[in-house]
Amino acid sequence: AAQAAEVAGFADGVIVGSAFVKAMLDAPDEAAGLAAVRSLAGELAEGVRKR
Numbered sequence: 003a004a005q006a007a008e009v010a011g012f013a014d015g016v017i018v019g020s021a022f023v024k025a026m027l028d029a030p031d032e033a034a035g036l037a038a039v040r041s042l043a044g045e046l047a048e049g050v051r052k053r
């Protein structure tokens with residue numbers, strides 16, 4: 003989230019697709035993966051909004 007906030011200060015967008023894929027692959031099952039992606043998306047959105 004902190005890195006997304008930093009980049010959002012000077013960029014029009016932040017590419018985070020690989021972080022979502024990693025969250026899915028690291029999860030023990032699909033439900034846990036979706037929960038991890040949901041949580042990560044919330045953290046990143048919060049970081050960008052704080053810029």
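Numbering (this note's numbering), first residue to last: 3 to 53.
By construction, the Cβ of each residue, glycine as well, lies at the ideal position given by its N, Cα and C atoms.
Unbroken alpha helix (DSSP H) run spanning F12, endpoints: Note, F12: premise wrong, no alpha helix (DSSP H); not H, not E.
Buried or exposed by the 16-neighbour rule on C-beta atoms within 10 Å, applied to L46: L46 is buried by the Cβ-count criterion.
Residue interval of the alpha helix (DSSP H) (run including K24): Run containing K24: G19 to D28, per the alpha helix (DSSP H) assignment.
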